[in-house]
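Participant: Okay, handing you the structure first.
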Amino acid sequence: MHGGALAGWLLMALCAVSGAYCLLRTRTGTPQERRTARGEALMGFGMAAMAVPAAVLTPPEGAWAVYGVVFGAAALRALWSARHGSHHLHHLVGSLAMVYMAVTMAPGTAGAGGHAGHGAAAGGAGGVPLLTGVLLVYYALYVLRSAGHLIPAGTGVASFAGGGAEGVVRGGGGGVVGGTTGVGTELTMACRLTMGIAMFAMLLTL
């Protein structure tokens, strides 16, 4: 198995596990937290499907159109929900990024020819370089900030990445949990961090 395929399998596994955990979260919490968990589960499973190595499974031509429609609808929903919480803006960016990758990798598009894990090897750079760069910067900053929230307070890395002085962690519903956080909150943050890293890696292949 060459490096590209291995990276694809790792991305698929990480995203699938994150999506499964988010799906479990839909059973508990407030209605807003359950809606957030459903959106994140959709993102996790969508990214897992997109990361499957092309040598193993070549999606039918219409699959990319389905991706575009599904995540286009998710983007509209996130835009509507953003009225009640800024966290939905991140879902909006993620959904639009998925639409962008689906359009870029669709057959007949420059740079198309495989899943996100193989786009670079299959057909060179694709998409709009400026837009890809903006998304990469966004996800790099998101990953650093999310990591800073998980790193114990008082370390230089946590301060640099935006971690709070008292280990502040934001919950799924936009609330803030200070001091000692529950395992569930930390796992939620870890899932979001994992999907942020996966999105960054997938965008790198465009």
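For the sequence shown, this note's numbering assigns the number 8 to the initial residue and increments by one for each residue that follows.
Think of the CB as a built atom: it goes at the ideal place given N, C-alpha and C, for glycine as much as any other residue.
Suppose contacts are defined by Cβ-Cβ distances below 9 angstroms. Is residue 68 in contact with residue 114 by that definition?
Facilitator: Position 61 of the sequence shown, counting from 1, holds the residue named residue 68. Position 107 of the sequence shown, counting from 1, holds the residue named residue 114. In this structure, residue 114 lies closer than 9 angstroms to residue 68 by Cβ.
Participant: Can you tell me which of the three DSSP states residue 110 falls into?
Facilitator: Position 103 of the sequence shown, counted from the first residue, corresponds to residue 110. In the structure shown, residue 110 sits in a helix (DSSP, three-state: H, G or I).
Participant: Starting from the C-beta of residue 44, find all residues in its chain whose C-beta is less than 6 angstroms away, skip the five residues before and the five after it, and write them out in chain order.
Facilitator: By 1-based counting over the sequence shown, the position of residue 44 is 37. So the qualifying residues of the chain are 29, 32, 33.
Participant: Using alpha carbons as the reference points, say which of 37, 38, 52, 39 lies closest to residue 201.
Facilitator: Here residue 201 refers to the residue found at position 194 of the sequence shown. Minimum Cα distance to residue 201 is reached at 52.
Participant: When you compare the CB positions of residue 81 and residue 98, do they come within less than 9 angstroms of one another, or not?
Facilitator: Start at 1 with the first residue of the sequence shown, and residue 81 comes out as number 74. Start at 1 with the first residue of the sequence shown, and residue 98 comes out as number 91. Result yes, Cβ atoms of residue 81 and residue 98 sit closer than 9 angstroms.
Participant: Is it true that the CB of residue 142 sits closer than 9 angstroms to the CB of residue 100?
Facilitator: Translated into positions along the sequence shown, residue 100 becomes position 93. Translated into positions along the sequence shown, residue 142 becomes position 135. Yes.
Participant: Which same chain residues, not among the five before or five after residue 196, have their C-beta less than 7 angstroms away from its C-beta?
Facilitator: As a working mapping, residue 196 is identified with position 189 in the sequence shown. Around residue 196: 153, 156, 157, 176.
Participant: When the distance is taken between beta carbons, is residue 55 closer than 9 angstroms to residue 26?
Facilitator: Stepping through the sequence shown from its first residue, residue 26 is reached at position 19. Stepping through the sequence shown from its first residue, residue 55 is reached at position 48. Result yes, Cβ atoms of residue 26 and residue 55 sit closer than 9 angstroms.
Participant: Suppose contacts are defined by Cβ-Cβ distances below 9 angstroms. Is residue 213 in contact with residue 65 by that definition?
Facilitator: Within the sequence shown, residue 213 is the residue found at index 206, counting from 1. Within the sequence shown, residue 65 is the residue found at index 58, counting from 1. Not closer than 9 angstroms, so no.
Participant: Express the C-alpha separation of residue 73 and residue 88 in angstroms, rounding to a whole number.
Facilitator: Along the sequence shown, read from residue 1 onward, the residue named residue 88 stands at position 81. Along the sequence shown, read from residue 1 onward, the residue named residue 73 stands at position 66. Their backbone Cα atoms lie some 22 angstroms apart in a straight line.
Participant: For residue 18, count neighbouring C-beta atoms within 10 Å of its own C-beta (all shown protein chains included) and say buried if the count is 16 or more, exposed if not.
Facilitator: To locate residue 18, count along the sequence shown from 1; it is residue 11. Around the C-beta of residue 18, 16 or more other C-beta atoms lie within 10 Å, and the residue is accordingly described as buried.
Participant: So for residue 104, helix, strand or coil by DSSP?
Facilitator: Position 97 of the sequence shown, counted from the start, is the residue given in the question as residue 104. Of the three classes helix, strand and coil, the one that applies to residue 104 here is helix, per DSSP.
Participant: Can you check which of these residues, 40, 58, 46, 144, is closest to residue 14 by C-alpha distance?
Facilitator: Taking the sequence shown and counting its residues from 1, the one referred to as residue 14 is at position 7. Comparing Cα positions, the closest option is 58.
Participant: Can you give me the Cβ contacts of residue 139 inside the same chain, cut-off strictly under 7 angstroms, excluding the 5 residues immediately before and after it?
Facilitator: Position 132 of the sequence shown, counted from the start, is the residue given in the question as residue 139. 210, 213.
Participant: Measure the alpha-carbon distance for residue 147 versus residue 42 and round it to whole angstroms.
Facilitator: Indexing the sequence shown from 1 puts residue 147 at position 140. Indexing the sequence shown from 1 puts residue 42 at position 35. Answer to the nearest angstrom: the Cα atoms are 25 angstroms apart.
Participant: According to DSSP, is residue 97 helix, strand or coil?
Facilitator: Numbered from 1 along the sequence shown, position 90 holds the residue referred to as residue 97. Under the three-state reduction of DSSP, residue 97 is assigned to helix.
Participant: Just tell me which of 192, 106, 204 has its CA closest to the CA of residue 145.
Facilitator: Position 138 of the sequence shown, counting from 1, holds the residue named residue 145. Ranking 192, 106, 204 by Cα distance to residue 145 puts 204 first.
Participant: Determine the burial state of residue 94: buried for a count of at least 16 other Cβ atoms within 10 Å of its Cβ, exposed for fewer.
Facilitator: The residue you call residue 94 lines up with position 87 of the sequence shown. Buried, because 16 or more other Cβ atoms sit within 10 Å of the Cβ of residue 94.
Participant: Taking the straight line between their C-alpha atoms, what separation do you get for residue 91 and residue 75?
Facilitator: If you number the sequence shown from 1, residue 91 lands on position 84. If you number the sequence shown from 1, residue 75 lands on position 68. When rounded, the distance between both Cα atoms is 25 angstroms.
Participant: Around the C-beta of residue 20, are 16 or more other C-beta atoms found within 10 angstroms, so that it is buried, or is it exposed?
Facilitator: Numbered from 1 along the sequence shown, position 13 holds the residue referred to as residue 20. Exposed, because fewer than 16 other Cβ atoms sit within 10 Å of the Cβ of residue 20.
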